[in-house]
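A.B. asks:
2 protein chains.
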Amino acid sequence: MNQDVIHPITTEVLQRLAHTPDSRMRELMTGLVRHLHAFACETRLTDAEWLEAIQFLTAVGQKCSDQRQEFILLSDVLGLSMVVTDMNHPTAEGCTESTVFGPFHVEGAPRFKAGDDIALGASGEPCWVQGRVLGQDGEAIPHASVDVWQADAEGFYDVQRADLQHLQARGVLETDAQGRFSFRSIVPEAYPVPTDGPVGGLLAATKRHPWRPAHLHFMISAPGYRKLITHVFRRGGEYLDSDVVFGVRDSLIGDWVHQAPGNAPDGSRFETPWWLLEFDFVLNVER
Amino acid sequence: MNQDVIHPITTEVLQRLAHTPDSRMRELMTGLVRHLHAFACETRLTDAEWLEAIQFLTAVGQKCSDQRQEFILLSDVLGLSMVVTDMNHPTAEGCTESTVFGPFHVEGAPRFKAGDDIALGASGEPCWVQGRVLGQDGEAIPHASVDVWQADAEGFYDVQRADLQHLQARGVLETDAQGRFSFRSIVPEAYPVPTDGPVGGLLAATKRHPWRPAHLHFMISAPGYRKLITHVFRRGGEYLDSDVVFGVRDSLIGDWVHQAPGNAPDGSRFETPWWLLEFDFVLNVER
Numbered sequence: 079m080n081q082d083v084i085h086p087i088t089t090e091v092l093q094r095l096a097h098t099p100d101s102r103m104r105e106l107m108t109g110l111v112r113h114l115h116a117f118a119c120e121t122r123l124t125d126a127e128w129l130e131a132i133q134f135l136t137a138v139g140q141k142c143s144d145q146r147q148e149f150i151l152l153s154d155v156l157g158l159s160m161v162v163t164d165m166n167h168p169t170a171e172g173c174t175e176s177t178v179f180g181p182f183h184v185e186g187a188p189r190f191k192a193g194d195d196i197a198l199g200a201s202g203e204p205c206w207v208q209g210r211v212l213g214q215d216g217e218a219i220p221h222a223s224v225d226v227w228q229a230d231a232e233g234f235y236d237v238q239r240a241d242l243q244h245l246q247a248r249g250v251l252e253t254d255a256q257g258r259f260s261f262r263s264i265v266p267e268a269y270p271v272p273t274d275g276p277v278g279g280l281l282a283a284t285k286r287h288p289w290r291p292a293h294l295h296f297m298i299s300a301p302g303y304r305k306l307i308t309h310v311f312r313r314g315g316e317y318l319d320s321d322v323v324f325g326v327r328d329s330l331i332g333d334w335v336h337q338a339p340g341n342a343p344d345g346s347r348f349e350t351p352w353w354l355l356e357f358d359f360v361l362n363v364e365r
Numbered sequence: 079m080n081q082d083v084i085h086p087i088t089t090e091v092l093q094r095l096a097h098t099p100d101s102r103m104r105e106l107m108t109g110l111v112r113h114l115h116a117f118a119c120e121t122r123l124t125d126a127e128w129l130e131a132i133q134f135l136t137a138v139g140q141k142c143s144d145q146r147q148e149f150i151l152l153s154d155v156l157g158l159s160m161v162v163t164d165m166n167h168p169t170a171e172g173c174t175e176s177t178v179f180g181p182f183h184v185e186g187a188p189r190f191k192a193g194d195d196i197a198l199g200a201s202g203e204p205c206w207v208q209g210r211v212l213g214q215d216g217e218a219i220p221h222a223s224v225d226v227w228q229a230d231a232e233g234f235y236d237v238q239r240a241d242l243q244h245l246q247a248r249g250v251l252e253t254d255a256q257g258r259f260s261f262r263s264i265v266p267e268a269y270p271v272p273t274d275g276p277v278g279g280l281l282a283a284t285k286r287h288p289w290r291p292a293h294l295h296f297m298i299s300a301p302g303y304r305k306l307i308t309h310v311f312r313r314g315g316e317y318l319d320s321d322v323v324f325g326v327r328d329s330l331i332g333d334w335v336h337q338a339p340g341n342a343p344d345g346s347r348f349e350t351p352w353w354l355l356e357f358d359f360v361l362n363v364e365r
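Residue numbers (the working numbering), protein chains in the order written: chain A, 79 to 365; chain B, 79 to 365.
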């Protein structure tokens with residue numbers, strides 16, 4: 079690669095963009111054109127390859143719908159989403175690391191009380207999740223909003239099930255005076271991202287599997303602290319070292335510990351074997 | 079910009095792509111990921127800007143239809159199409175330069191004889207176009223296929239007019255034993271690319287006009303020679319120095335010369351004022 083050779087057309091395009099009124103827009107467009115042209119020149123992109131790229135991007139756009147965001151999926155599998163997440167949410171000393179948001183969050187999910195079962199019928203082995211939301215100095219953060227969502231045992235989120243009339247395996251909790259939260263749900267399992275679209279074709283052509291390791295999504299916010307968007311991954315599960323969207327961080331791997339039937343931490347009963355996850359989150363202060 | 083700083087995620091993605099079976103696919107994906115990630119890192123792309131880009135690309139894909147290719151238009155206005163054209167079709171000594179193909183060519187356009195009127199009712203001032211198709215040593219190329227297409231006086235190609243039942247202002251001619259071709263048509267006029275889609279929004283946000291200077295499209299092919307895809311632009315017309323798709327080359331500007339009513343070069347009549355364009359094309363030999 080030689081970044082120093084600028085194609086004459088590139089120079090012409092950059093001159094044309096110099097009149098962009100918004101300086102940030104100008105900066106972004108300048109960077110985009112430089113990299114786009116350099117990519118084409120360095121790889122000596124052929125007419126046929128250019129057309130194939132046009133057709134691929136068109137197919138990605140046409141696959142998008144209210145239920146499906148194929149361009150986010152493309153960004154995810156190319157690692158771009160994780161780069162953007164990492165750059166914009168650097169981890170302060172002692173704080174919980176961020177990872178990708180993903181396309182399956184729902185605004186206004188149902189609110190639950192501590193110990194409630196958020197699964198609402200979603201398939202999977204029962205589990206109890208509890209932890210604390212803390213500040214950097216170990217201070218408890220009360221009244222933090224803990225928004226959690228996850229796939230079921232078959233690897234589907236509720237919003238992917240067209241026949242489902244209600245939300246499942248997602249909800250919003252609030253921490254108590256000691257910063258604690260808890261809920262019942264199901265154990266997450268590994269699942270493949272959708273492969274019936276053009277991104278699935280790209281994964282196949284690059285000989286990559288489409289799997290994400292088992293995880294719970296968390297979005298945690300509290301006044302005075304920076305919002306945290308992250309996952310807790312399941313230790314011992316498959317694909318931890320090859321997450322298709324590059325989202326795994328060692329510090330985010332948690333232990334689901336198998337339990338015999340008996341009492342949950344709040345004294346309620348599990349009549350069948352269940353799993354216990356304990357995981358604390360540390361938020362950074364708002365700057 | 080600093081190309082030397084590679085984000086750890088970039089390294090991870092490149093490692094994952096290393097197993098791509100097809101070596102050219104691997105080369106292209108590697109270059110793409112490097113530039114895509116470097117663009118995000120250098121510009122410090124924010125979450126909100128990333129999402130805006132996702133939404134923009136989605137809208138571009140959704141605007142595409144059988145009649146409209148918004149991704150080609152995006153490539154055109156970013157100068158990418160012209161870079162790819164230039165790189166893949168270098169101009170040999172004495173040969174005619176290439177320029178962008180554009181989205182309005184039609185396979186299997188009607189065939190015409192020398193001197194026929196290809197306008198078939200398209201609006202515009204009448205003109206006569208003639209020239210020769212030659213080899214690099216000045217040799218006439220007989221039986222060359224001369225495929226020509228153009229917009230009408232209102233700036234529309236026939237395929238953009240949903241109400242039109244037949245093709246207009248396009249056709250395929252064949253050179254005679256002396257390499258000559260000729261046809262009647264209409265004088266081309268400047269026209270704007272479609273601005274009712276997301277690319278129109280991008281042009282507005284970067285304060286660029288959407289106009290292409292007046293031109294005729296030519297695709298010329300003959301056995302033993304490289305296919306030539308080019309335009310002839312109209313000297314004296316507007317936007318020659320600011321073509322929205324960066325397609326103008328000085329050598330491709332031709333003179334439409336105004337004529338009083340009278341005889342066309344073949345002895346047929348023009349009852350009203352008309353324009354004469356004479357333009358020769360020089361093809362490169364097939365390598």
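Using N, Cα and C, we set each Cβ at its ideal position, and we do this for glycine too.
Taking K285/B as the query, report the chain A residues whose CB atoms sit under 7 Å from its CB, ordered along the chain.
C.D. replies: Simply H97, T98, P99.
A.B. asks: Note down the Cα distance separating M79/A from G216/B, rounded to an integer number of angstroms.
C.D. replies: Any answer about M79/A is weak, because its pLDDT of 44 lies below 50 and its placement is not dependable; what the coordinates show is given next. Cα to Cα, the separation comes out at about 39 Å.
A.B. asks: Is there at least one Cβ from chain B nearer than 9 Å to S153/A's Cβ?
C.D. replies: Yes, S153/A counts as interfacial toward chain B.
A.B. asks: What's the gap between the Cα of A59/B and the Cα of Q133/A?
C.D. replies: Residue 59/B is absent from the structure shown; chain B starts at 79 and stops at 365.
A.B. asks: Taking 9 Å as the threshold (C-beta atoms), are V224/A and V211/A in contact?
C.D. replies: Going by C-beta atoms, V211/A is nearer than 9 Å to V224/A.
A.B. asks: In this structure, how does DSSP classify M79/A when only helix, strand and coil are distinguished?
C.D. replies: Confidence in M79/A is poor, its pLDDT being 44 and thus under 50, which makes the residue's placement too unreliable to answer from.
A.B. asks: Since E252/A is in the beta strand (DSSP E), which residue starts that stretch and which ends it?
C.D. replies: 248 to 252 is the extent of the beta strand (DSSP E) around E252/A.
A.B. asks: Can you list, in chain order, the residues of its chain with a C-beta nearer than 7 Å to that of P351/B? Leave out the 5 residues immediately preceding and following it.
C.D. replies: Excluding residues within five positions, the ones whose Cβ falls inside 7 Å are H336, Q337, A338, P339.
A.B. asks: Answer with buried or exposed for K191/B, where buried requires no fewer than 16 other C-beta atoms within 10 angstroms of its C-beta.
C.D. replies: It counts as exposed.
A.B. asks: Report the rounded CA-to-CA distance for C205/B versus W353/B, giving the unit in angstroms.
C.D. replies: Answer to the nearest angstrom: the Cα atoms are 4 Å apart.
A.B. asks: Listing by chain order, which chain A residues have their CB less than 7 Å from the CB of N166/B?
C.D. replies: Within 7 Å Cβ-Cβ: T124, D125.
A.B. asks: With DSSP as the reference, label H97/A as helix, strand or coil.
C.D. replies: Looking at H97/A - three-state DSSP - the assignment turns out to be coil, as it is neither helix nor strand.
A.B. asks: State the beta-bridge partners of M297/A as determined by DSSP.
C.D. replies: For M297/A, which the question treats as bridged, DSSP gives the partners D225/A, I307/A.
A.B. asks: Does the distance from the CB of G180/A to the CB of V363/A come in under 9 Å?
C.D. replies: No.
A.B. asks: Looking at the C-beta of R312/A, does it have a partner C-beta in chain B at a distance below 9 Å?
C.D. replies: It does not: the Cβ of R312/A has no partner Cβ on chain B nearer than 9 Å.
A.B. asks: Determine the extent of the alpha helix (DSSP H) in which G209/B is found, giving its start and end residues.
C.D. replies: Run containing G209/B: none in the alpha helix (DSSP H); it sits in the beta strand (DSSP E), 204 to 212.
A.B. asks: Quick check on this structure: which residue in E267/A, L306/A, R146/A, P99/A has the alpha carbon closest to the alpha carbon of W289/A?
C.D. replies: Closest option to W289/A, Cα to Cα, is E267/A.
A.B. asks: Using beta carbons (cut-off 9 Å, strictly below), is H113/A in contact with chain B?
C.D. replies: Yes - at least one Cβ of chain B is within 9 Å of the one on H113/A.
A.B. asks: Our contact map puts A163/A next to T177/A with C-beta atoms below 8 Å; I'd like the distance itself, whole angstroms only.
C.D. replies: Rather than Ala, the amino acid found at residue 163/A in this sequence is Thr. That belief holds up - the Cβ atoms of T163/A and T177/A are roughly 6 Å apart, short of 8 Å.
A.B. asks: Under the DSSP definition of a beta bridge, which residues are partnered with F348/A?
C.D. replies: In the DSSP output, where bridge partners are listed per residue, F348/A has G340/A.
A.B. asks: Considering I264/B, what are the terminal residues of the beta strand (DSSP E) in which it resides?
C.D. replies: 258 to 264 is the span of the beta strand (DSSP E), which, as asked, contains I264/B.
A.B. asks: Of all the CB atoms in chain B, is at least one closer than 9 Å to the CB of R347/A?
C.D. replies: R347/A does not count as touching chain B.
A.B. asks: Using alpha carbons as the reference points, say which of R365/B, H293/B, L281/B lies closest to L355/B.
C.D. replies: Among R365/B, H293/B, L281/B, the Cα nearest to that of L355/B is on H293/B.
A.B. asks: Rounded C-beta distance between L106/A and A187/A? I'm assuming under 8 Å.
C.D. replies: No, L106/A and A187/A are not in contact; Cβ-Cβ is about 33 Å, not under 8 Å.
A.B. asks: Can you tell me whether DSSP reads I87/B as helix, strand or coil?
C.D. replies: In the structure shown, I87/B sits in a helix (DSSP, three-state: H, G or I).
A.B. asks: Looking at the secondary structure, which residues open and close the alpha helix (DSSP H) in which P276/B lies?
C.D. replies: Start and end: 276 to 283.
A.B. asks: Since I219/B is in the alpha helix (DSSP H), which residue starts that stretch and which ends it?
C.D. replies: First-last for I219/B: undefined, no H or E at that position.
A.B. asks: Please state the DSSP three-state secondary structure of D125/A.
C.D. replies: Three-state DSSP puts D125/A in a helix.
A.B. asks: For D328/B, does the count of other Cβ atoms within 10 angstroms reach 16, so buried, or fall short, so exposed?
C.D. replies: Exposed, by the Cβ-count rule.
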